[in-house]
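Numbering (full-length UniProt numbering) for the sequence shown: 1 to 428.
Some notes on the structure that comes next.
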Amino acid sequence: MTWLFRDVFSASFPFLSELWKRHTRATTCRVTLCFFFLALATCVTQSTLLGLSVSRGFTVVHGDVIEICYGIPSLRGTSCDVVYNGTASNNQGLASRDVSINPLVDSAGTTQGVVVSNPGSSTTLSLQCVESLTWLETFLRDAKSEDIIHIAFQCWLFSNSLVSLITESIPHLVVVLASHGANTAWSIFRLYSERAAEKTYTDIVNGACDGVDVLGGWPSNVIRYAILGIHGSVFLCTIFLVYQLVKIYGKEMFSSVGSSPAVTRVLKLLHWLTVFLQFASFYVVASAAAWFDKRKTGIVSPYSHSTLFDVAFVVVSARSWFSVFSLLSVVLLVFSALLFTSALYRYEIGAWAFLGSLSIIAGLLLIVSCILALVCRVHFGLGLKQFRECHASFRFIYLPTSGGGVLMTSFFLKKIPVRWEHFSHRAS
1 MTWLFRDVFS
11 ASFPFLSELW
21 KRHTRATTCR
31 VTLCFFFLAL
41 ATCVTQSTLL
51 GLSVSRGFTV
61 VHGDVIEICY
71 GIPSLRGTSC
81 DVVYNGTASN
91 NQGLASRDVS
101 INPLVDSAGT
111 TQGVVVSNPG
121 SSTTLSLQCV
131 ESLTWLETFL
141 RDAKSEDIIH
151 IAFQCWLFSN
161 SLVSLITESI
171 PHLVVVLASH
181 GANTAWSIFR
191 LYSERAAEKT
201 YTDIVNGACD
211 GVDVLGGWPS
221 NVIRYAILGI
231 HGSVFLCTIF
241 LVYQLVKIYG
251 KEMFSSVGSS
261 PAVTRVLKLL
271 HWLTVFLQFA
281 SFYVVASAAA
291 WFDKRKTGIV
301 SPYSHSTLFD
311 VAFVVVSARS
321 WFSVFSLLSV
331 VLLVFSALLF
341 TSALYRYEIG
351 AWAFLGSLSI
361 IAGLLLIVSC
371 ILALVCRVHF
381 GLGLKQFREC
391 HASFRFIYLP
401 TSGGGVLMTS
411 FFLKKIPVRW
421 EHFSHRAS
């Protein structure tokens, strides 16, 4: 009676039944469990560490006390610092800042620098020092953008890890492994760039600013070392786990296709196309977001007036106008390529290595994806479609034999003989 109920449920709700079977299979294998918990722990840990550098905190007022909370104030465990603990006055008005910045002008009316004053002392910064610190503002803004994009990358990476386990997909496993490699490489480069920036800042303080340290010391790189250590360790563990999973999934996947070389070749092409599309989907969106934020909020916004900079990132979709949409996609790809003809865009991708890397990798991934898509289109009709349709219709378990194979259906356990000619009638 139990098997009859199971088969009726499988026939009535095939998607839920398939999802439950894959969930059961994923949770009963020790390798998949280790892979899942490693992906979850990595996502939570990295997002938390990176969030420490981008969070601004909440301002909370309790009577006469003003606090800055580094988290949601109402939750237990949230730390808060008291920034003001005085008595309120009945007279309402605007409070003056503790630090005031005023220009230093000579008798001829020429600005020679700025005077930074606080209640205890005042410091004079030369005009050369102020102009040199413009680089610091750009660097800190770009660093925060990198951290935000990397947090989104961690969430995207965890979702791909989860999908790879549910669908038992080798392409998604390849994407996950390559992404962890990119994580490690990014951490190494980020640590190198911050140490180079610290040296540049020290030279500015000792040179143009005459020893005046406006930051009160360069922030510690302890978090960057911790992130690099975690990325390196996770990458090594992922190599081992992905190797074990690829052996399991690959044996089942390609043994189900059998010895037909045409179907195997098309299936491998389709898998590689999936890998590059997965990567391109994130890198294109990330590079567009980084450039759009740079153009709208950075110091280059007064120099960026052309609306063509935004046209390349406009998304339009309409199913009934598919031919128009396809033509529009080609036009948008052309506009994306024309961005490299802009002097401002070339300057920014050269000055900001992260934006340059995202843009170049996104472009290369799109080119490779288009080439693989054309190759897959040429190989249509070699039997993969029939194999997929048969698999979806019968929910079979494939048992290879010398002359072909047997499809064991899950409903009523029917045996259906299959010959290779069904799947490779056009292979020759």
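Built from N, CA and C at the ideal position, the CB exists for glycine as well.
Cβ neighbours of residue i in the same chain (closer than 6 Å, five flanking residues each side left out)
| i | result |
| --- | --- |
| Ser-47 | Ile-151 and Gln-154 |
| Leu-366 | Ala-280 |
| Asn-183 | His-231 |
| Val-205 | Asp-213 |
| Leu-49 | Ile-223 and Ile-227 |
| Ser-359 | Ser-287 and Ile-349 |
| Val-284 | Ala-362 |
| Glu-168 | Tyr-249 |
| Phe-35 | Leu-241 |
Three-state class that DSSP yields for residue i in the structure shown
| i | result |
| --- | --- |
| Cys-376 | helix |
| Leu-215 | coil |
| Thr-124 | strand |
| Thr-401 | Confidence is the limiting factor: at Thr-401 the pLDDT is only 45, short of 50, which leaves the residue's position unreliable, though a coordinate-based value still follows. Residue state, collapsed to three classes: coil. |
| Cys-29 | coil |
| Cys-43 | helix |
| Cys-129 | helix |
| Cys-209 | coil |
| Thr-87 | No answer about Thr-87 holds up, because its pLDDT of 47 lies below 50 and its placement is not dependable. |
Residue i versus residue j - alpha carbon distance
| i | j | result |
| --- | --- | --- |
| Ala-280 | His-271 | 14 Å |
| Ala-286 | Thr-78 | 31 Å |
| Ala-197 | His-379 | 51 Å |
| Leu-165 | Leu-177 | 13 Å |
| Thr-274 | Cys-80 | 46 Å |
| Val-44 | Ile-148 | 14 Å |
| Thr-200 | Val-234 | 32 Å |
| Thr-238 | Gly-211 | 47 Å |
| Lys-296 | Phe-139 | 16 Å |
| residue 451 | Phe-37 | Limits of the chain in this structure are 1 at one end and 428 at the other, which puts residue 451 out of reach. |
| Asp-142 | Ala-343 | 19 Å |
| Val-375 | His-180 | 28 Å |
| Trp-186 | Ser-357 | 10 Å |
| Ala-351 | Glu-137 | 14 Å |
| Trp-156 | Asp-203 | 39 Å |
| Trp-291 | Leu-364 | 17 Å |
| Asn-160 | Thr-42 | 13 Å |
| Leu-40 | Phe-158 | 7 Å |
| Val-163 | Thr-264 | 23 Å |
| Leu-236 | Trp-135 | 37 Å |
| Gly-207 | Leu-355 | 30 Å |
| Gly-217 | Ala-289 | 31 Å |
| Leu-215 | Val-334 | 44 Å |
| Phe-282 | Cys-29 | 30 Å |
Cβ neighbours of residue i in the same chain (closer than 8 Å, five flanking residues each side left out)
| i | result |
| --- | --- |
| Cys-209 | Leu-125, Ser-126, Cys-129, Ser-132 and Leu-133 |
| Val-31 | Leu-241, Gln-244, Leu-245 and Ile-248 |
| Ile-371 | none |
| Leu-52 | Ile-223 |
| Ala-353 | Phe-189 and Ser-193 |
Other residues of its chain near residue i: CB distance less than 7 Å, five sequence neighbours each side excluded
| i | result |
| --- | --- |
| Arg-346 | Phe-340 |
| Val-368 | Phe-276 |
| Asp-293 | Ser-145 |
| Leu-269 | Leu-372, Val-375, Cys-376 and His-379 |
| Glu-194 | Asn-221 and Arg-224 |
Residue i: CB within 7 Å of a non-hydrogen atom of the ligand FAD
| i | result |
| --- | --- |
| Ile-239 | Ligands in the displayed structure: none, and consequently the ligand FAD is not present. |
Item to check | the region 124–139 touching the region 234–249, judged by at least three CB pairs closer than 8 Å | outcome: no
Next on the checklist: Pairs of beta-carbons, one from the region 161–175 and one from the region 276–292, closer than 8 Å: are there three or more?
Outcome noted: yes
Item to check | Segment contact flag, the region 176–194 with the region 218–227, C-beta cutoff 8 Å, min 3 pairs | outcome: yes
Checklist entry - Mind pulling the beta strand (DSSP E) runs of 3 or more residues that sit fully within the region 142–193? => result none
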